[in-house]
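This report concerns only the one structure given below.
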Amino acid sequence: MPQNPKLKSLNELAGILDQERAASREVVHCHGVFDLLHIGHIRYLQKAKQLGDLLVVTVTPDRFVNKGPHRPAFEEQLRADAIAAVECVDFVAINEWPTATETIELLKPNVYAKGAEFRDRKTPELLREEAAINSAGGRIELVEEVTSSSSQLLNEYLSPFSDQVEHYLRTFRQSVPASSVTEPLSNLRSLKVLVVGEAIIDEYYSCATLGGSSKAPIVATRYESHDRYVGGALAVANHIAGLCDNVDLLGMLGEIDSHEEWIRGQLRPNVNPQFSLRADAPTIVKRQYRESYFGVPLFEMNTFSPQPLRGDEATELASLLEQRAGNYDLVVVADYGLGMLNAESTRALCQNSKYLAVTTHASAANVGYHTVSRYEQADYFSIAEHELRLECRSRSDEIPTMLQDVSDRLQAGIAAVTIGKQGCICYDGKDLHEAPALATRVVDRTGAGDAFFAITALCAAADVPPSILAFLGNVAAAEAVASVGNSRFLEELPLGRHVESLLK
């Protein structure tokens with residue numbers, strides 16, 4: 000099928016509009032996702048066309064649609080084709096940037112038209128776009144017309160979720176307004192947070208499998224590429240920094256191959272790190288080899304010291320935690336059981352924190368002796384099902400029963416257990432709150448627990464209702480599993496839009 004002649008590249012469109020303006024024709028520009036073209040869009044475009052002589056529409060590309068990993072429902076070329084089929088539209092282009100700011104600067108329209116719903120909702124993007132159109136000598140116009148929501152229509156008629164998840168979302172929408180979920184996100188900004196835990200570097204080596212080696216019973220591979228990301232407490236701090244203004248981080252690096260300069264460069268600007276150096280040890284590195292075609296891990300190699308901290312190092316760390324823990328609204332402990340936090344340090348955290356949130360990770364390096372009960376008291380804890388079963392020494396007991404038992408023993412005000420694709424269960428000392436997983440696209444599960452813990456720890460400290468805490472935790476986990484490792488971190492605005500798209 001030949002391409003619609005209305006479809007242009009941005010550079011082509013800029014040249015055409017130069018000629019049209021030279022002929023004294025007024026150019027009107029509309030911009031949006033247009034994920035599901037509906038009557039509200041058509042009326043909006045028709046009204047916008049009446050503001051000038053020529054109507055151009057730019058479409059947000061797939062990579063910049065920030066309404067959650069389940070969106071867009073239709074890829075960018077299909078959305079552009081749909082807009083081009085509308086009679087009143089003269090030209091369509093797929094944008095190259097997250098917002099229309101740079102596009103306005105390039106196209107220099109006379110009018111930038113937005114829906115009237117933005118009159119009382121001046122987002123940071125719209126403010127920048129408004130400044131751009133003013134600088135270009137044009138004006139912004141808010142178009143009053145029939146309003147409808149692509150998200151609402153997609154949720155009702157083209158939901159990507161299972162019947163079970165859709166039932167949960169329908170019930171949640173009816174009982175909890177979207178504003179009750181997004182407003183707490185803004186209230187987290189002022190929390191004073193300290194993150195404590197091991198600094199970890201996650202490395203991903205991508206390779207192609209060649210088959211079995213002719214000389215040994217092993218799989219032979221060919222190297223293709225590699226990436227590395229901050230992990231462990233570094234990732235938790237970066238997630239929290241997307242929701243809080245200032246985050247302090249207390250971590251530990253190895254004296255050998257510390258990678259400190261690189262690590263500091265990967266932390267968000269509002270993370271203030273303080274690192275202790277562990278003598279005669281490397282910074283922890285987890286290197287995963289992944290088969291590139293299927294995107295699955297082949298094996299993992301870890302670099303860390305199996306020895307406990309020296310006595311003077313442990314005492315110095317415990318003393319530092321004792322001095323600092325009480326200065327924060329919330330102390331977030333991401334304990335990966337790789338030697339940083341011993342009994343002396345955990346005691347200092349439990350006795351001196353105003354509000355203590357803890358997660359402990361059971362891994363091949365510590366399985367059998369690293370459980371959440373190392374913390375004699377935690378106001379909030381979050382662990383995975385296998386870590387809960389390890390804590391309770393049970394293969395078969397019911398998850399809610401075990402969660403209640405551990406929570407009561409640790410005197411936690413609230414606790415959560417993540418159950419993979421089944422979602423999570425939260426317990427607030429009285430009631431259980433179950434919420435299914437909201438992921439529709441799973442690229443890599445690494446980091447999902449960190450994202451879940453980061454946002455739910457903040458919510459627990461801010462006394463957010465458990466049902467909303469569980470929902471937000473699953474939204475954060477859905478965002479985490481949609482990308483490789485910790486290549487992306489939580490941010491308030493995209494997270495809020497993800498929530499809104501689910502609850503419309």
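Position one of the sequence shown corresponds to residue 0 (numbering that gives the first Met the number 0), numbered consecutively onward.
Ideal Cβ positions, reconstructed from N, Cα and C, are used throughout, including at glycine.
In three-state terms, what does DSSP make of residue i?
i	result
Tyr-288	strand
Ser-344	helix
Thr-417	strand
Cys-391	helix
Glu-140	strand
Cys-87	coil
Asp-334	strand
Thr-98	coil
Thr-181	helix
Pro-296	strand
Leu-302	The amino acid at residue 302 is misidentified as Leu; the sequence shows Thr. Here Thr-302 sits in strand by DSSP.
Ala-356	strand
Glu-375	coil
Ser-8	coil
Phe-380	strand
Ala-115	helix
Val-442	coil
Gly-16	Per the sequence shown, residue 16 should be read as Leu rather than Gly. In the structure shown, Leu-16 sits in a helix (DSSP, three-state: H, G or I).
Ala-453	helix
Ala-461	coil
Glu-386	helix
Glu-397	coil
Asn-105	Residue identity check: residue 105 is Leu in the sequence provided, not Asn. Reduced to three states, the DSSP call for Leu-105 is helix.
Leu-431	strand
Leu-329	strand
Ala-361	coil
Taking the beta strand (DSSP E) that residue i falls in, what are its first and last residues?
i	result
Glu-128	From DSSP, Glu-128 is part of no beta strand (DSSP E) but of the alpha helix (DSSP H) over 123-134.
Gln-273	270-281
Cys-29	26-31
Tyr-426	423-426
Quick one, are the C-beta atoms of residue i and residue j less than 8 Å apart?
i	j	result
Ala-236	Leu-248	yes
Val-218	Gln-265	no
Leu-320	Ala-347	yes
Ile-93	Ala-79	yes
Ala-115	Leu-141	yes
Leu-242	Glu-491	yes
Leu-337	Gln-376	no
Ala-13	Leu-125	no
Asp-34	Pro-71	yes
Tyr-374	Cys-349	yes
Val-483	Ala-438	no
Asp-515	Pro-272	Examination of residue 515 is not possible in this model, given that the chain is present from 0 through 503 alone.
Cys-206	Arg-221	yes
Glu-104	Ala-130	no
Val-463	Leu-329	no
Glu-343	Ala-317	yes
Val-91	Val-56	yes
Val-85	Leu-50	no
Ile-413	Ile-283	no
Ser-352	Ala-324	yes
Pro-183	Ala-461	yes
Excluding the 5 residues flanking residue i on each side, which residues of the same chain have their C-beta closer than 8 Å to its C-beta?
i	result
Glu-390	Thr-370, Val-371, Ser-372, Ile-382, Met-401, Val-405
His-238	Asp-449, Ala-450, Ala-453, Ile-454, Ala-475, Phe-488, Leu-489
Thr-181	Gly-495, Val-498, Glu-499
Arg-138	Asn-109, Val-110, Tyr-111, Ile-132
Pro-399	Ile-424, Tyr-426, Leu-431
Glu-143	Lys-46, Ala-115
Leu-276	Met-251, Leu-252, Gly-253, Glu-254, Ser-257
Any beta carbon from chain D within less than 8 Å of residue i's own beta carbon?
i	result
Asn-326	The displayed structure is made up of one protein chain only, and chain D is not part of it.
Excluding sequence positions up to five away, which residues of its chain have a Cβ less than 7 Å from the Cβ of residue i?
i	result
Leu-468	Cys-425, Thr-455, Cys-458, Ala-459
Gln-421	Pro-435, Ala-436
Glu-74	Asp-61
Return the first residue and the last residue of the alpha helix (DSSP H) that residue i is part of.
i	result
Ile-239	232-240
Leu-168	162-174
Glu-478	465-480
Leu-409	Where Leu-409 is concerned, there is no enclosing alpha helix (DSSP H), given that its DSSP letter is neither H nor E.
Glu-491	491-502
Glu-321	310-323
For residue i, I'd like the list of residues in its chain whose CB is within less than 6 Å of its CB, leaving aside the five on either flank, ordered along the chain.
i	result
Gly-250	Ala-198, Ala-232, Phe-274
Asp-311	none
Met-339	Glu-197, Met-251
Ser-224	Ser-205
Pro-586	A query on residue 586 cannot be resolved here, the shown segment of the chain reaching from 0 to 503 and no further.
Lys-48	Leu-54, Cys-87
Inset, instruction - Output the residue ranges of the alpha helix (DSSP H) runs that lie fully inside the stretch 26-85 and measure 4 residues or longer, sorted by chain position. - result: Qualifying alpha helix (DSSP H) stretches, in chain order: 38-48, 75-83.
Inset, instruction - Counting only runs of 3+ residues fully inside the stretch 194-259, write out the beta strand (DSSP E) ranges in chain order. - result: You should have 218-231, 246-255.
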